[in-house]
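Participant: Chains as they are written, first to last, in the numbering used here: chain A, 1 to 332; chain B, 1001 to 1295.
Backbone N, C-alpha and C fix where the C-beta goes; we use that ideal spot for every residue, glycine too.
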Amino acid sequence: MSAPAPSMFSPAAMEVAQQLGLKMRRANLDEFADTLFGLARADRNVIAVTSDSRGSGKLGPFGKELPGQIIELGIAEQNLVGIAAGLASAGKIVYAVSPACFLTARALEQIKNDVCYSDNPVKLIGISAGVSYGALGSTHHSLHDLAALRAINNIDIVVPADNFEARSAIEVAAERTKPLYVRFGKAPQYQIHRDGTEFEIGRSIRLRDGGDVAFIATGETVIHALLAAESLRGKGVSCRVLSMHTIKPLDAEAILSAARSCRAIVTVEEHMINGGLGEACASLLMQAGVTPRLKIVGIPDEYTVTGIQADIFRHYGISMEGLAATAQSLLR
Amino acid sequence: MSLTDRQLQLKSLRLRRRVLEIIKHAGAGHTGGSLSCLDILNVLYNRVLRVSPETFSSPDRDRYIQSKGHSVEALFVVLADRGFFPTEQLETLCRYKSHFVGHPTRKVPGIEQNTGALGHGLPIATGVAIAGKLDNKDYRVFTLLGDGELAEGSNWEAAMAAAHYDLDNLTAIVDHNTLQITGRTRDVCSNEPLDEKFRAFGWDVRIVDGHSIAQLTEVLSTRGSESRPGVVIANTTKGRGVSFMEDVAKWHHGVPSDAEYAQAIKELEDAIARMEGEEEGKRKNDIGKMGGWPS
């Protein structure tokens, strides 16, 4: 008999989630696919470009109903991005959908030149990002993408935390005339945001306020920060939690405000600790002369531990328990 | 009024002189490749492309994307000649805050895409051609590739896709000057035979003398066979028009010394004078045949 796969959440974390009334929803990937399908039905200029990735991107039904709006290029990510740029330059609303690991490494030069430098407003959609592919190994992880794209001019970067943020990012993208990168995973997510929350690229969402520690988290790590904040509340530690869904442009005002209001900052990301959200915050704060205690939580610069996504998160302390412990150690 | 083949040949000579002038003035530039592709661009912009400064923002315009972006000096002088911007602006080539950098950018009127890294033009052109098909537009898309550039694998990814999507509105032109920066392309890492490769990828292949105005006009004015993308392999001479630059790899990029520049300009001006003289003689002859000036 095979052992059950470890969950992304410990029993204690799931209990905290329940106390907070959080509901488990579907994967951001599914939310993306349905949102894009809806956009494409409403506007025949909306085009999905795929690199043998319609299955991984959950775009099978899209392809069946709207075959004229999906451009399949086979396993050729450089071509995927170049063709997407050409389509966008001719007025199409283009979503280039490919696993984040290949999209942002294999086709990095096409992103830099054909999309960003040439100002062709492609929406680059990195699916199964971070360590979503877990046990498939580092070839399939994208722990470099935020750092790589942060160093390129003329692209915004969004990492949605839950279905609401994923849907909002995909919808907002359709109207934008600037290149955009959105990346997410394929595991089911708790619904973090209340209905009626406002979403704006470049403006983080404050989930709770507190004066001891600020968790500044992005993407699918936000839930772990929120649970950690709740667990710390019982220990008399009050935490601010920001969902920093946009990595570029960074919400400087919210980060500075958090740093001025709290004694310590913990940044959290599903990305290597080099060049991602944490370093962006540290750079901003140092240059503003605001220097709280700060810890960058992410994947360290080492041969990534093997295992499924849940194993990797837990191993590197991206969990309720791990983040709570990190926060407490900063306060000591 | 449309220009005759001879008038276009004369224009090519004058544009070659202009290429040398701006490269010498800037102190930088890709001389050899600009001279090899100049006749191709001259024919495209004067006879083939349905685009002008007035129609450049039209969604129905023909597109030209220069994948071998380093030969931008040829494109600049042709665009200036076609009135996209005053030719005096080329005096700012490679200068502080100039839009005229050493590779194409969209800041310059008439330029479609920012290129320069090799292996990018064909995928982008393929995307534009797919959009044309989706929108039932009849514009054509052209891209210029170097033969050395065809070592970049992304070209062949796009070649497969263009054939798969039956893009007969797409024409790739290979500036087949057989040299790259290190030497002969076939010696550096051979990608020959190019015609058989493109045929195997499902393309309509035509081979022409890339300095023949008549041959270039014929193949570029017509689409390849129905439902297949077309490639024109234009056999050219790198450094064409300047004796000591012709077929010499070191002129891939290089600025002539003052003495070399004087010689190069003299050679081109002599050729221009010869053609102008012939044109004048031909004109007089034509008038004579007509029975002299009307009284």
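Check whether the stretch 1181 to 1199 of chain B and the stretch 1141 to 1160 of chain B touch, using three or more Cβ-Cβ pairs below 8 Å as the test.
Facilitator: Touching, yes, given that three or more Cβ pairs across the two stretches are closer than 8 Å.
Participant: Would you mind giving the Cβ-Cβ distance between A:L227 and A:V16, rounded to the nearest angstrom? I have them listed as a contact below 8 Å.
Facilitator: As a working mapping, residue 227 of chain A is identified with position 227 in the first sequence. As a working mapping, residue 16 of chain A is identified with position 16 in the first sequence. The Cβ separation is near 5 Å, so the contact holds.
Participant: Pick helix, strand or coil for A:M272, following the three-state DSSP scheme.
Facilitator: Here residue 272 of chain A refers to the residue found at position 272 of the first sequence. Note: A:M272 maps to strand in three-state DSSP.
Participant: Hey, out of A:E200, A:L87, A:I155 and A:Y190, whose CA is closest to A:V172's CA?
Facilitator: The residue you call residue 172 of chain A lines up with position 172 of the first sequence. Here the closest residue by C-alpha is A:E200.
Participant: In chain order, what residues of the stretch 35 to 60 of chain A put their CB closer than 7 Å to some CB of chain B?
Facilitator: Listed by position, the residues of the stretch 35 to 60 of chain A near chain B (Cβ gap below 7 Å) amount to none.
Participant: Please name the residue in A:C101, A:L108, A:L80 and A:S10 whose C-alpha comes closest to that of A:Y95.
Facilitator: Counting from 1 along the first sequence, the entry for residue 95 of chain A is found at position 95. The residue with the shortest Cα to Cα distance from A:Y95 is A:L80.
Participant: Taking only beta-carbon positions, decide if A:M320 is within less than 9 Å of chain B.
Facilitator: Here residue 320 of chain A corresponds to residue number 320 of the first sequence, with the count starting at 1. Answer no: the Cβ-Cβ gap between A:M320 and chain B never drops below 9 Å.
Participant: Please identify the residue among A:M320, A:D311, A:A324 and A:A252 whose C-alpha is closest to the C-alpha of A:L284.
Facilitator: Within the first sequence, numbered from 1, the residue matching residue 284 of chain A stands at position 284. Selected option, being the one with the closest Cα: A:A252.
Participant: Please name the residues in the stretch 1065 to 1091 of chain B whose beta-carbon is closer than 9 Å to at least one beta-carbon of chain A, in chain order.
Facilitator: Within the stretch 1065 to 1091 of chain B, the residues whose Cβ lies closer than 9 Å to some Cβ of chain A are I1065, listed in chain order.
Participant: Counting only beta-carbon atoms, is B:E1280 nearer than 9 Å to chain A?
Facilitator: Within the second sequence, numbered from 1, the residue matching residue 1280 of chain B stands at position 280. Closer than 9 Å: no.
Participant: Check whether the stretch 1033 to 1041 of chain B and the stretch 1008 to 1017 of chain B are in contact - that is, three or more C-beta pairs closer than 8 Å.
Facilitator: Yes, the stretch 1033 to 1041 of chain B touches the stretch 1008 to 1017 of chain B.
Participant: When you compare the CB of A:E109 with every CB in chain B, is at least one pair closer than 9 Å?
Facilitator: Against the first sequence, residue 109 of chain A aligns to sequence position 109. Yes - at least one Cβ of chain B is within 9 Å of the one on A:E109.
Participant: How far does the beta strand (DSSP E) with B:V1231 in it extend, from its first residue to its last?
Facilitator: The sequence position of residue 1231 of chain B within the second sequence is 231, counting from 1. B:V1231 -> beta strand (DSSP E) spans G1230 to N1235.
Participant: Confirm, please, whether the CB-CB distance from A:A84 to B:M1160 is below 9 Å.
Facilitator: Position 160 of the second sequence, counted from the first residue, corresponds to residue 1160 of chain B. Position 84 of the first sequence, counted from the first residue, corresponds to residue 84 of chain A. No, the Cβ-Cβ distance between B:M1160 and A:A84 is not below 9 Å.
Participant: If we ignore side chains and look at the alpha-carbon of each, how far apart do A:I318 and A:V213 end up?
Facilitator: Residue mapping note: residue 318 of chain A aligns to position 318 of the first sequence, counting from 1. Residue mapping note: residue 213 of chain A aligns to position 213 of the first sequence, counting from 1. A:I318 and A:V213: Cα-Cα distance of roughly 16 Å.
Participant: Identify every run of the beta strand (DSSP E) within the stretch 11 to 85 of chain A, keeping only runs that are complete inside it and at least 3 residues long; order them along the chain.
Facilitator: Taking only runs of at least 3 residues, the beta strand (DSSP E) segments lying wholly in the stretch 11 to 85 of chain A are 24 to 27, 46 to 50 and 70 to 72.
Participant: Can you list, in chain order, the residues of its chain whose CB lies under 6 Å from that of A:R26, leaving out five sequence neighbours each side?
Facilitator: Locating residue 26 of chain A in the first sequence gives position 26, counting from the first residue. Hits under 6 Å: P188.
Participant: I want to know whether the stretch 1232 to 1243 of chain B touches the stretch 320 to 327 of chain A - three or more CB-CB distances under 8 Å.
Facilitator: Counting Cβ pairs under 8 Å, fewer than three are found: no touch.
Participant: Identify whether B:F1201 lies in helix, strand or coil by the three-state DSSP scheme.
Facilitator: To locate residue 1201 of chain B, count along the second sequence from 1; it is residue 201. Coil at B:F1201, not helix or strand.
Participant: Are the C-beta atoms of A:V97 and some chain B residue less than 9 Å apart?
Facilitator: For the purposes of this step, residue 97 of chain A is identified with residue 97 of the first sequence, where counting begins at 1. By this cut-off, A:V97 is not an interface position.
Participant: Beta-carbon within less than 6 Å of A:D52's beta-carbon, same chain only, minus the 5 sequence neighbours each way: which residues are those?
Facilitator: Within the first sequence, residue 52 of chain A is the residue found at index 52, counting from 1. Once the five neighbours on either side are set aside, the close Cβ partners of A:D52 are G74 and I75.
Participant: Here's a check: name, in chain order, each residue in its chain whose Cβ is nearer than 6 Å to the Cβ of A:G210, leaving out the five neighbours to either side.
Facilitator: As a first step, residue 210 of chain A must be located in the first sequence, where it is residue number 210. Only S238, C239 and R240 meet the Cβ criterion.
Participant: Enumerate, from N- to C-terminal direction, the unbroken alpha helix (DSSP H) stretches of 4 or more residues contained entirely within the stretch 218 to 263 of chain A.
Facilitator: Listed in chain order, the complete alpha helix (DSSP H) runs (minimum 4 residues) inside the stretch 218 to 263 of chain A are 222 to 233 and 252 to 261.
Participant: So which of B:Q1180, B:Q1215 and B:A1162 has the shortest CA-CA distance to B:R1199?
Facilitator: On the second sequence, residue 1199 of chain B is found 199 positions in, with the first residue counted as 1. Residue B:A1162 is the option with its Cα nearest to B:R1199.
Participant: Is it right to say B:I1210 is buried, meaning 16 or more other beta carbons lie within 10 angstroms of its own, or is it exposed?
Facilitator: The residue given as residue 1210 of chain B occupies position 210 in the second sequence. Checking the sequence shown, residue 1210 of chain B turns out to be Gly, not Ile. Result: buried.
Participant: What does B:A1026 pair with, by DSSP beta-bridge criteria?
Facilitator: Reading the second sequence from its first residue, position 26 is the one you call residue 1026 of chain B. Answer is none; B:A1026 lacks a bridge partner.
Participant: Under 7 Å Cβ-Cβ, which residues of chain B neighbour A:L73?
Facilitator: What you label residue 73 of chain A is simply residue 73 of the first sequence in a count that begins at 1. In chain order: A1161.
Participant: Do B:I1173 and B:V1205 have their CB atoms nearer than 9 Å?
Facilitator: Within the second sequence, residue 1173 of chain B is the residue found at index 173, counting from 1. Within the second sequence, residue 1205 of chain B is the residue found at index 205, counting from 1. No; because the gap between Cβ atoms is not below 9 Å, this pair is not in contact.
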